[in-house]
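Novice:
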Amino acid sequence: MGCCYSRIEREEIVSRCKARKRYMKHLVKARQALSASHAMYLRSLRSTGAALLQFSTNETSLHHHHHLKPPQQQILPPPPPPPLSPSTDTTWTSSSITASPALPPPPPPPPSSTWDFWDPFVPSSSRSVTEEEWEEEAAATRTTESLPPPPSSSFSNKETNTSSQELAMVVSRNSKDLDEIVKEVDEYFLRTADAAAELSRILEVPTPGFSRQIKGGKVYNYGCNLTPITSWTWGSSPKSNGFEKIGLKNGDMSGGSVSHCSTVERLYAWEKKLFQEVKEGESIKIEHEKSLEQLRKMEVRRADYIKTEKCKKEVEKLESQMMVASQAIETTSSEIIKVRETELYPQLLDLVKGMMCMWRSMYESHQVQTHIVQQLKYLNTIPSTEPTSEIHRQSTLQLELQVQQWHQSFCNLAKAQQDYIQSLTGWLRLSLFQFSKNPLSRTGQESGIYSLCEEWHQAVDRIPDKVASEGIKSFLTVIHAIVVQQTEENKQKKKKEAAFKEFEKKTSQLRSLESKYGPFSVPESSGKDPVADKRAKVEILRAKAEEEKSKHEKSVSMTRAMTMNNLQMGFPHVFQAMVGFSSVCMQAYESVFNKAKNIDQEHDVKRLLP
C-alpha cells in the first residue's frame, strides 16, 4: 500500500493537483492576511495622525510663536501636475517612472550630516496605551475646521484638479503655528484612510469586534462580513460527485453577489475535492493496468476459463470506474473554471481597480501633506524655558509607538500584497492546464485572467516599498531622538530636585544650629566651629543646586530646540517618501488595469467577428 501510494503521489497529474491545492490554501490565508493588514494600515494612519495631534498640542503650549513671512514667490509654489489618468495606456517600467515628469522621483537619502547625530532606533519599553484608548483621548483635540474637499475615493476614471486646488488653498494660509499645521496633516491622514473605503469593502475588511486569530505576530481575519463561510462535505466514492454545499445546492448562486472571501474558499474546497478525485482515479488506473496485464498472461498460457472470465469482469469493472472517475474530474474541473472565470476574474478586476483608486487618493493626500509640513521652515519660535511635562512625555512616547506601528503595518501590507499575488499566480499557472485530451492546452478565454495576474505579479515585484519603509523608519528615528532627549531632561530635573532637597535639608539644620549658638558661635575646645562648618557645607550645596538648575534649564532649551529642528527635517522626508511610493503604486495599477481592459475589449471584438 505504501509503495502504491508513493507511486500515485509521484504521478505528474497528481503532483500537479497537490501543488494546485497547496497554492490555493496559501491564497486563502494570503487573502485573510491582505484584508487584516489593509485594515491595520488604515488604522495606523488614523492613529498616527491622532498621536501627532496630541503631541503638537502639548508642544505648542510650551512655545510662543512668531513667523517669518516667506518671500512672495515662495508663498504659492506651482501646483504639481496631476497624476496620469487611468485611461492613459502606459507600459509600466522602472525607467519610465523615473523619467516621467508627472511624478516626483523617490526622495534621496538624507545627508549624513542631517541624520548622523540621532541615536539608532531602540523600541520603547514604556507602558503602551491601546489604540482605542488613544483615539478616544485624541478625539477631543481634533477639530472640524473647514478644509478643502477630500480627494475623490470613488471608482471614477476621471482625474480631477482637486490636488492642485487644495495645495493652493493650504499653502496660501499664513501665520500658522505647529498645532495648526499638524491639525491639517491629521485631517489628511483621516482622508487618506477614508479614501480606501471601496477597497475595504472588496477586501471585506472586518468591522470593530471582528473575530481574529493571531499567528506569529500577525492578525488574520477568519470571518467574512458580506458572506458567511460555508461548509463543504464530499464523499470518497468515484461513482458520484459526493460534493454538497451546505445551505445551497451545487452551483446555485441565487443568493446574490458572491464575496471574494467566499469565492476563494470555495475554490479551495473544489481543489481539495479535485485532488482526491485525481488521486483515486490514478489509483484505479494503476489497478486496471495490473489486472489487464494479468489477463493477458492468463490468455497467453490458456489459464482456467473460470479464472480468466473472473479477471475479465474485474478489468471491465475497473474500466467502468475509470470512466466515472474521469467524468467526476471533468465535472470538478469545469466547476473550478466556471468559478474562476465568472466570479474570481471580475473580483480581481475590481480589486486592481480598487488598489489603483486607493493609491491615487493616497498620492494626492500625501502630496498635500508634503506641502503642508514644508511650512514648518517658516515657523520660528522664541526659546521656551518651560520644562517637558509628564503628559507631554507620554504623548511623545505614544507618538513613537504609533509611528512604529505605522512602519510595521506598512511592511506587513507590502508583504501581504506580495504573498497574495504570488499564491494567486502560482495556482493560476497550474490551473490553466486541462486534464483531458491535451494536458498542455489553454483556451483563449482563459488568457484574460492569466495576463492580468502575470502583469500584476510583475508590477508588485517592481514596486520600491523599501524606499517608503525607510522613509517612515527615518521619521521614527527622529521621534526616538526626541524621546531620548526628553528622558535626559527628566533625569536632569530629578538631579536638580534632589540637589535642592539636600540643600534645603542642610539649610534647615544650619538654622537650628544658629538658633542654638547664634550666628557666630564660639569655637569648641577642639577648635571646630559647628556653625561655620555647617554654613560652608550649605554653601557648597547651594552652588551644586544652582549648577544642576542651570544644567536643567539648558536641557529644557535643548529639548525644545531639538524637537522643532527634528520635526522640520523629518516631516518632509517621510511624506516625500510616501508620495514617491504611492505614485509608483498608482501608475503600476493603472497599467495593469488598462491592459486588462484592452485584452477584454479584444476578446469582445473577436467574439463578434464571424
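Sequential numbering from 1 applies to the sequence shown in full-length UniProt numbering.
We put the beta carbon where it would ideally sit given N, CA and C, even for glycine.
Below 8 angstroms CB to CB, which residues in the same chain sit around D350 once its five sequence neighbours on both sides are set aside?
Specialist: I202
Novice: So, with DSSP's three-state summary, where would you put L62?
Specialist: Reduced to three states, the DSSP call for L62 is coil.
Novice: Ends of the alpha helix (DSSP H) at W259?
Specialist: Residue 259 is actually Ser in this sequence, not Trp. Premise fails: S259 is in no alpha helix (DSSP H) and is neither H nor E.
Novice: Taking just the CA atoms, how far does E187 sit from T507?
Specialist: 55 angstroms
Novice: So, for P238: in the same chain, excluding its five sequence neighbours on each side, which residues have a beta-carbon less than 8 angstroms away from its beta-carbon?
Specialist: Only weak support exists for where P238 lies, its pLDDT of 37 falling under 50; the value from the coordinates is given anyway. Excluding residues within five positions, the ones whose Cβ falls inside 8 angstroms are E277, E280, G281, I284, Q321, V324, A325 and A328.
Novice: Using 8 angstroms as the Cβ pair cut-off and three pairs as the minimum, do the stretch 586–599 and the stretch 357–375 touch?
Specialist: Yes: the two stretches touch, three or more of their Cβ pairs being nearer than 8 angstroms.
Novice: With distance defined between alpha-carbon atoms, name the residue in H288, R22 and Y450 nearest to V315.
Specialist: H288
Novice: Does DSSP classify L430 as helix, strand or coil?
Specialist: Helix, per DSSP.
Novice: Taking the CB atoms as reference points, tell me whether V483 and L397 lie closer together than 8 angstroms.
Specialist: yes
Novice: Do you know how far the Cα of M24 is from the Cα of L430?
Specialist: In this structure, the CA atom of L430 is about 11 angstroms from the CA atom of M24.
Novice: Looking at the secondary structure, which residues open and close the alpha helix (DSSP H) in which G518 lies?
Specialist: Element bounds for G518: n/a, residue is neither H nor E.
Novice: Which residues in the same chain as S113 place their Cβ atom closer than 8 angstroms to its Cβ, once the five residues preceding and following it in sequence are excluded?
Specialist: At S113 the pLDDT is 31, less than 50, meaning the model places this residue with poor confidence; the figure from the coordinates comes in the next sentence. Taken in chain order, the list of residues that qualify is empty.
Novice: Excluding the 5 residues preceding and the 5 following E12 in the sequence, name in chain order all residues of the same chain whose CB lies nearer than 7 angstroms to its CB.
Specialist: If we look at E12 and ignore the five residues flanking it on each side, it has no Cβ neighbours.
Novice: Since S320 is in the alpha helix (DSSP H), which residue starts that stretch and which ends it?
Specialist: Y305 to V339
Novice: Suppose the cutoff is 6 angstroms on Cβ atoms and the five residues either side in sequence are ignored; what does the same chain contact list for Y345 look like?
Specialist: I449
Novice: Would you report the Cα separation of A498 and T487, rounded to the nearest angstrom?
Specialist: 17 angstroms
Novice: At which residues does the alpha helix (DSSP H) containing I372 begin and terminate?
Specialist: Y345 to V373
Novice: For the alpha helix (DSSP H) containing E187, list its first residue and its last residue.
Specialist: Looking at the DSSP string, the run of the alpha helix (DSSP H) that includes E187 is L178 to D194.
Novice: Which residue wins for smallest C-alpha separation from I372, given the options F581, E454 and K183?
Specialist: K183
Novice: Are the CB atoms of K491 and K549 within a distance shorter than 8 angstroms?
Specialist: No, the pair does not count as a contact, with Cβ atoms beyond the cut-off.
Novice: Tell me whether the stretch 527–535 and the stretch 456–472 touch, counting them as touching only if at least three CB pairs, one residue from each stretch, are closer than 8 angstroms.
Specialist: no
Novice: With three or more C-beta pairs closer than 8 angstroms as the rule, is the stretch 26–39 touching the stretch 260–271?
Specialist: yes
Novice: Using the beta-carbon count (16 or more within 10 Å), is Y305 buried or exposed?
Specialist: exposed
Novice: If S451 sits next to L27, beta carbons under 8 angstroms apart, how far is it from one beta carbon to the other, in whole angstroms?
Specialist: With a Cβ gap of about 18 angstroms, S451 and L27 do not count as contacting.
Novice: Quick one, are the C-beta atoms of L42 and R560 less than 8 angstroms apart?
Specialist: no
Novice: Considering only C-alpha positions, which residue in the set S291, T331 and Q458 is nearest to K312?
Specialist: S291
Novice: Pick out whichever of S200, A416 and A481 has its Cα sitting closest to the Cα of K29.
Specialist: Among S200, A416 and A481, the Cα nearest to that of K29 belongs to A416.
Novice: At a cut-off of 7 angstroms, would you count A588 as near the ligand NAP, judging by its Cβ distance to the nearest heavy atom?
Specialist: Looking for the ligand NAP in the displayed structure turns up nothing, as the structure carries no ligands at all.
Novice: Report all residues from its chain with a CB closer than 8 angstroms to the CB of R46; omit the five preceding and five following residues, and keep chain order.
Specialist: Once the five neighbours on either side are set aside, the close Cβ partners of R46 are E135, F189, L190 and A193.
Novice: Look at the alpha carbon of R31 and the alpha carbon of K338, and state the distance between them as a whole number of angstroms.
Specialist: For R31 and K338, the gap between their C-alpha atoms comes out near 20 angstroms.
Novice: Compute the Euclidean distance between the alpha carbons of R542 and F503, then round it to the nearest angstrom.
Specialist: Approximately 6 angstroms between the Cα atoms of the pair.
Novice: May I ask you to verify whether the stretch 551–568 touches the stretch 509–519, counting CB pairs closer than 8 angstroms and requiring at least 3?
Specialist: no
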